[in-house]
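Q: Below is a structure I'd like to ask you about.
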Amino acid sequence: MNASEFRRRGKEMVDYVANYLEGIEGRQVYPDVEPGYLRPLIPAAAPQEPDTFEDIISDIEKIIMPGAASPACTELETVMMDWLGKMLELPEAFLAGKAGEGGGVIQGSASEATLMALLAARTKVIHRLQAESPDLTQAAIMEKLVAYSSDQAHSSVERAGLIGGVKLKAIPSDGNFAMRASALQEALEGDKAAGLIPFFVVATLGTTTCCSFDNLLEVGPICNKEDVWLHIDAAYAGSAFICPEFRPLLNGVEFADSFNFNPHKWLLVNFDCSAMWVKKRADLTGAFRLDPTYLKHSHQDSGFITDYRHWQIPLGRRFRSLKMWFVFRMYGVKGLQAYIRKHVQLSHEFESLVRQDPRFEICAEVTLGLVCFRLKGSNKVNEALLQRINSAKKIHLVPCHLRDKFVLRFAICSRTVESAHVQVAWEHIKEMAANVLQAERK
1 MNASEFRRRG KEMVDYVANY LEGIEGRQVY PDVEPGYLRP LIPAAAPQEP
51 DTFEDIISDI EKIIMPGAAS PACTELETVM MDWLGKMLEL PEAFLAGKAG
101 EGGGVIQGSA SEATLMALLA ARTKVIHRLQ AESPDLTQAA IMEKLVAYSS
151 DQAHSSVERA GLIGGVKLKA IPSDGNFAMR ASALQEALEG DKAAGLIPFF
201 VVATLGTTTC CSFDNLLEVG PICNKEDVWL HIDAAYAGSA FICPEFRPLL
251 NGVEFADSFN FNPHKWLLVN FDCSAMWVKK RADLTGAFRL DPTYLKHSHQ
301 DSGFITDYRH WQIPLGRRFR SLKMWFVFRM YGVKGLQAYI RKHVQLSHEF
351 ESLVRQDPRF EICAEVTLGL VCFRLKGSNK VNEALLQRIN SAKKIHLVPC
401 HLRDKFVLRF AICSRTVESA HVQVAWEHIK EMAANVLQAE RK
């Protein structure tokens, strides 16, 4: 959709909203649709090719509005999470389908998803241990619980541990900044010998620092053998798994209890939209279920509906799945795949430019849309380079530390980025680098 069409469609939407408000008194207050009405009305999977805007708007009136008082909000989310799960080729156990034990929910952020998974895992292990030993108190169990993640995991994992009131240990990553089985097993054995209770592991696919990938095929079986909840955080990288060539990066997801990524990061869905799946939704809902009288309804015990208030920390929630429905239909799966592939191609183009300049080095394998690079030399000179680049305000880079190295990160993430932008950015970086190196020689 170009700018001209966007203006035209925007005006049409204003007219639609205005007409709705003008005629709202003629609409039924309470929907007369039955639970499960929506799934049979829309396809079982996302379209491969784009739909027309006219068709989507027509479906809003026919499919969404009859259940606008809340059924549509809930049921479209369930179906969209199944659509997205199928795009990722997730195991059937993660999909709601018509009678599955798993399912998906849209959280506000990956931080929320990690916290929800940790709290669910905590509740599950407490219930199990108290069933085995009724004299055990929750406090006695809590002080022994231990969660684990790679030393490259996002800070939100550490925050989840703090909020959840449990110990969190960082597992040293290997030379490729990935968590491996040997290091995790050693930590688990040591903690069990010390009388602690391992209960939760976070594996990261596409770390924030350098887009490294923990080895699921190694870590997963250990978690299953030790009866430890495995949560996968693929906040950034998860979008790429809709492309068959990148799907192997998700191999081992079958060992996980929960999986999360953010369509709002790299799948053209506006913030906030963090997709989370669980194999057994009862593990999640059982940890947070409360049913005050004012929230009860006639269908809650029917088994035909999903009550997302039990899947999240807040009670209220937005109609996030509607924007997913629009994006998936406006682009089609092939359009979204092309978008991801273009960004990866551009990141490799930038990587090639860096490698051609002997003053620079690449600091981590370039897998998706992130390139970690630096000037050969001290951290001080790279800190100076970053300061010059960002002070010039032509491009913006965010740094990281990889082991003892201060590293610059070039992220391809704009919807409108082209090769020309990459070339201009690289010329600017080279100019700033020359200035820094000249100043160093004085």
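Going left to right, the sequence shown walks through residues 1 to 442 as full-length UniProt numbering numbers them.
Using N, Cα and C, we set each Cβ at its ideal position, and we do this for glycine too.
Let me know the alpha helix (DSSP H) ranges lying completely inside the region 51-111, each 4 residues or longer, listed in chain order.
A: 53-59, 71-87
Q: Roughly how many whole angstroms lie between the Cα atoms of GLY102 and ALA160?
A: 23 Å
Q: Would you list the one or two residues that DSSP bridges to ASP307?
A: Paired residues: none, contrary to the question.
Q: Flag this pair as touching only if the region 46-63 and the region 323-333 have three or more C-beta atom pairs under 8 Å; answer yes or no.
A: yes
Q: Looking at the secondary structure, which residues open and close the alpha helix (DSSP H) in which CYS372 lies?
A: Per DSSP, CYS372 belongs to no alpha helix (DSSP H); it is in the beta strand (DSSP E), 370-375.
Q: Whose CA, out of VAL436, THR123, SER149, lies closest to the CA of HIS231?
A: SER149
Q: Just mark GLU34 as buried or exposed, buried being the case when its beta carbon has 16 or more other beta carbons within 10 Å.
A: exposed
Q: Considering only residues of the region 178-255, which uninterrupted beta strand (DSSP E) runs meet the minimum length of 3 residues and lie entirely inside it, listed in chain order?
A: 197-204, 229-233
Q: Keeping to the same chain, check which residues put their C-beta closer than 7 Å to that of ARG247; ignore five residues upstream and five downstream.
A: Around ARG247: GLU89, PHE241.
Q: Count the other C-beta atoms from every protein chain shown that fall within 10 angstroms of the C-beta of MET1, then say buried if there are 16 or more, exposed otherwise.
A: exposed
Q: Verify whether the separation of the beta carbon atoms of LEU402 and CYS372 is less than 9 Å.
A: yes
Q: In the DSSP assignment, find the unbroken beta strand (DSSP E) run with ILE171 in it and report its ends.
A: 167-171
Q: Just the Cα atoms here: how many angstroms apart are TYR308 and MET81?
A: 13 Å
Q: On the criterion of 16 or more Cβ atoms from any shown chain inside 10 Å, does HIS396 qualify as buried, or is it exposed?
A: exposed
Q: My guess is that LEU408 and LEU386 are in contact by the Cβ rule of under 8 Å, so how many angstroms apart are they, rounded?
A: The C-beta separation of LEU408 from LEU386 comes to about 6 Å, placing the pair in contact by the 8 Å criterion.
Q: Alpha carbons only, please: which of ILE389, ALA392, ARG359 is nearest the one belonging to SER378?
A: ARG359
Q: If I follow the unbroken alpha helix (DSSP H) through ARG329, where does it start and stop?
A: Residue range 320-355 is occupied by the alpha helix (DSSP H) that includes ARG329.
Q: Alpha carbon to alpha carbon, how far is HIS127 from LYS86?
A: 33 Å
Q: Taking LYS11 as part of the alpha helix (DSSP H), name the residues at either end of that continuous run.
A: 3-22
Q: Please list the terminal residues of the continuous alpha helix (DSSP H) segment that includes ILE389.
A: First-last of the alpha helix (DSSP H) with ILE389: 379-392.
Q: Using a Cβ-Cβ cut-off of 7 Å (strictly less than) and excluding sequence neighbours within five positions of THR78, which residues of its own chain qualify?
A: Setting aside the 5 residues that flank it on each side, THR78 is surrounded in the same chain by ALA96, GLY103, THR306, each with a C-beta closer than 7 Å to its C-beta; the list follows chain order.
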